[in-house]
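J.: Structure provided below as structure tokens; questions to follow.
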Amino acid sequence: MTRALSLCGGGIRGIIPCTALAELEKQTGKLTFECFDFIGGTSTGALLTAACVARVSAAQSLEVYTKRGAEVFSPTNKIMRDLKMFFTGRQFDNKILNQVVKETLGPAAEWPINQCPIPIMITAADMAGSIWYFVKDAPTNARTTGKYLLADAATASSCATTYHDPWLIPGFGYAADGGTVSLADPVYETCAEAFSGNGCYGDLNPAEAIVVSLGTGFFQPSPMPSPPGNLLDRIKWVTDSLIGAAKTLAQQAAERQWPGVVQAFNPELSSNVDEADVASIPDLLAIGQKQASTMDWKKILKL
398 MTRALSLCGG
408 GIRGIIPCTA
418 LAELEKQTGK
428 LTFECFDFIG
438 GTSTGALLTA
448 ACVARVSAAQ
458 SLEVYTKRGA
468 EVFSPTNKIM
478 RDLKMFFTGR
488 QFDNKILNQV
498 VKETLGPAAE
508 WPINQCPIPI
518 MITAADMAGS
528 IWYFVKDAPT
538 NARTTGKYLL
548 ADAATASSCA
558 TTYHDPWLIP
568 GFGYAADGGT
578 VSLADPVYET
588 CAEAFSGNGC
598 YGDLNPAEAI
608 VVSLGTGFFQ
618 PSPMPSPPGN
628 LLDRIKWVTD
638 SLIGAAKTLA
648 QQAAERQWPG
658 VVQAFNPELS
668 SNVDEADVAS
678 IPDLLAIGQK
688 QASTMDWKKI
698 LKL
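Counted the way this note's numbering counts, the sequence shown spans residues 398 to 700.
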């Protein structure tokens with residue numbers, strides 16, 4: 398049985414899938430990467446992907462979210478953030494983000510992707526708007542991304558539009574959040590890499606595979622709100638819409654092409670939590686723990 402994990406984007410809302418992975422590790426007594434054959438992630442999901450293969454426990458990753466979230470998303474004052482975005486095009490410092498990533502990954506921050514203990518996929522966009530999949534070099538691909546450092550790929554993928562400037566990957570160029578090229582939910586590409594004959598990891602059999610997709614929560618407003626009234630609100634609407642669906646287009650496409658393979662977990666939120674809202678950390682923890690308490694990982698993964 399082949400097991401793959403797909404981790405969605407969502408900034409500080411990454412607490413929700415991280416809590417689910419902490420429950421996985423509690424139930425199995427294993428680290429996350431030991432339970433899966435392949436992990437794909439975008440944005441905050443890319444950070445979790447990197448942490449998993451770097452042998453960082455989900456409990457440790459959860460501490461990074463809760464204790465260093467305010468450091469990554471500083472300033473936390475909305476007026477200051479809006480002013481900074483208006484004048485600079487970004488709200489936060491990507492160097493701080495990268496420093497937190499490197500300190501979290503430890504020695505693995507200097508690993509090239511080729512050195513990861515299992516295959517991974519980290520999505521990103523270059524400055525021409527092209528999609529990039531940072532994966533191990535393989536006979537079935539162009540062998541262009543395996544040499545880049547794990548920390549750089551994860552940082553670039555998590556530099557969301559209007560939140561952080563794109564990240565410069567030495568030898569590659571600037572890259573930014575995979576969510577900007579419609580890959581906030583990477584589940585379809587995770588499946589494609591695993592099951593397509595021209596994917597990076599061979600032509601695996603979907604009938605003998607389990608793909609778990611962990612979302613960062615969705616919010617369904619009621620009644621339907623009016624259109625945003627100013628430029629900053631409209632920009633926020635665009636960024637929120639990239640991750641805000643209960644069932645994303647990627648998930649629907651994966652289900653059509655590989656019926657019954659994907660098991661998706663994505664809890665509904667009671668309010669529209671901004672991806673940088675560190676004040677929401679206690680609520681996100683509660684939501685994540687509530688979902689995690691319902692997950693029988695041994696049954697989900699057929700262990």
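Cβ coordinates follow ideal geometry from the N, Cα and C atoms, glycine included.
Apart from the five residues on each side of it in sequence, which residues of its chain come closer than 6 Å, Cβ to Cβ, to Asn495?
T.: Cβ neighbours of Asn495 beyond the five flanking positions: Thr552.
J.: Between Pro583 and Thr520, how many whole angstroms is the CB-CB distance? I'm expecting something under 8 Å.
T.: With a Cβ gap of about 5 Å, Pro583 and Thr520 count as contacting.
J.: Using a Cβ distance threshold of 8 Å, determine whether the region 423-434 contacts the region 618-633, with at least three qualifying pairs required.
T.: Taking 8 Å as the limit for Cβ pairs, the verdict is that the region 618-633 does not touch the region 423-434.
J.: If you draw a straight line from the C-alpha of Glu507 to the C-alpha of Asp523, how long is it?
T.: Whole-angstrom Cα-Cα distance: 22 Å.
J.: Can you tell me whether Gly626 is buried or exposed? The criterion is at least 16 other CB atoms within 10 Å of its CB, across all chains shown.
T.: Exposed, because fewer than 16 other Cβ atoms sit within 10 Å of the Cβ of Gly626.
J.: What residue does the beta strand (DSSP E) around Trp564 start on, and which one ends it?
T.: Taken as a continuous stretch (DSSP letters only), the beta strand (DSSP E) holding Trp564 covers 564-566.
J.: How would you call Met518, buried or exposed, if buried means at least 16 neighbouring beta carbons within 10 angstroms?
T.: The residue is buried, with at least 16 neighbouring Cβ atoms inside 10 Å.
J.: Examine the Cβ distances between the region 411-423 and the region 681-691 and report whether three or more of them are shorter than 8 Å.
T.: The answer is yes - the region 681-691 touches the region 411-423, with three or more Cβ pairs under 8 Å.
J.: Name, in chain order, the residues that DSSP records as bridge partners for Tyr530.
T.: Answer is Thr520, bridged to Tyr530.
J.: Answer with buried or exposed for Pro536, where buried requires no fewer than 16 other C-beta atoms within 10 angstroms of its C-beta.
T.: The residue is exposed, with fewer than 16 neighbouring Cβ atoms inside 10 Å.
J.: Considering Phe470, what are the terminal residues of the alpha helix (DSSP H) in which it resides?
T.: Phe470 -> no alpha helix (DSSP H), and no H or E assigned at all.
J.: Report the three-state DSSP secondary structure of Tyr585 (helix, strand or coil).
T.: If DSSP states are grouped into helix, strand and coil, Tyr585 belongs with the helices.
J.: With distances taken Cα to Cα, identify the nearest neighbour of Thr441 among Gln648, His561, Ala589, Arg631.
T.: Thr441 has its Cα closest to that of His561, out of Gln648, His561, Ala589, Arg631.
J.: Can you say whether Val670 is buried or exposed, counting buried as having 16 or more other CB atoms within 10 angstroms of its CB?
T.: Buried, by the Cβ-count rule.
J.: Go through its chain and collect everything with a Cβ distance to Phe662's Cβ below 6 Å, but skip five positions before and after it.
T.: Result list for Phe662: Leu611, in chain order.
J.: Would Ile555 be called buried (16 or more neighbouring beta carbons within 10 Å of its own) or exposed?
T.: The question names Ile, but residue 555 in the sequence shown is Ser. With 16 or more other Cβ atoms within 10 Å, it is buried.
J.: Using C-beta distances below 8 Å, list every residue in its chain close to Phe483, excluding the 5 sequence neighbours before and after it, in chain order.
T.: Taken in chain order, the residues that qualify are Leu629.
J.: Between the Cα of Asp574 and the Cα atoms of Ala401, Gln648, Gly408, which residue gives the shortest distance?
T.: The shortest Cα separation from Asp574 among Ala401, Gln648, Gly408 belongs to Gly408.
J.: Within a Cβ cutoff of 6 Å, which residues of the same chain sit near Thr577, ignoring the five residues on either side of it in sequence?
T.: Excluding positions up to five away in sequence, the list reads Ala522, Thr558.
J.: Do Ala456 and Ala419 have their C-beta atoms within less than 9 Å of each other?
T.: Yes; because the gap between Cβ atoms is below 9 Å, this pair is in contact.
J.: How many whole angstroms separate the CB atoms of Cys371 and Val450, which I take to be in contact at a CB cut-off of 8 Å?
T.: Residue 371 lies beyond the stretch modelled for the chain, which goes from 398 to 700, so this question has no answer here.
J.: Using CA atoms only, rank isn't needed, just tell me which of Asp534, Glu672, Leu547, Gln648 is closest to Cys588.
T.: Out of Asp534, Glu672, Leu547, Gln648, Gln648 has the C-alpha closest to the C-alpha of Cys588.
J.: With distances taken Cα to Cα, identify the nearest neighbour of Ala443 among Glu605, Ser638, Phe531.
T.: Closest by alpha carbon: Phe531.
J.: Start and end of the alpha helix (DSSP H) containing Ser440?
T.: Careful: Ser440 lies outside any alpha helix (DSSP H) and carries neither H nor E.
J.: Which residues mark the beginning and the end of the beta strand (DSSP E) in which Ala573 is found?
T.: Ala573 -> beta strand (DSSP E) spans 570-574.
J.: Can you have a look at Ser403 and say buried or exposed, based on whether 16 or more other CB atoms are within 10 angstroms of its CB?
T.: The residue is buried, with at least 16 neighbouring Cβ atoms inside 10 Å.
J.: Which term fits Pro624, buried or exposed, when burial requires 16 or more other beta carbons within 10 angstroms of its beta carbon?
T.: Under this definition Pro624 is an exposed residue.
J.: With a Cβ-Cβ cutoff of 9 Å, do Arg400 and Val609 count as a contact?
T.: Going by C-beta atoms, Arg400 is nearer than 9 Å to Val609.
J.: Tell me the residue span of the alpha helix (DSSP H) that contains Gln488.
T.: That residue, Gln488, is in no alpha helix (DSSP H); it is neither H nor E in DSSP.
J.: Just the C-alpha distance for Met477 and Asp674, rounded to the nearest angstrom, thanks.
T.: Taking the straight line joining both Cα atoms gives about 14 Å.
J.: Ala550: buried (16+ other C-beta within 10 angstroms of its C-beta) or exposed?
T.: Answer is buried; the Cβ neighbour count reaches 16.
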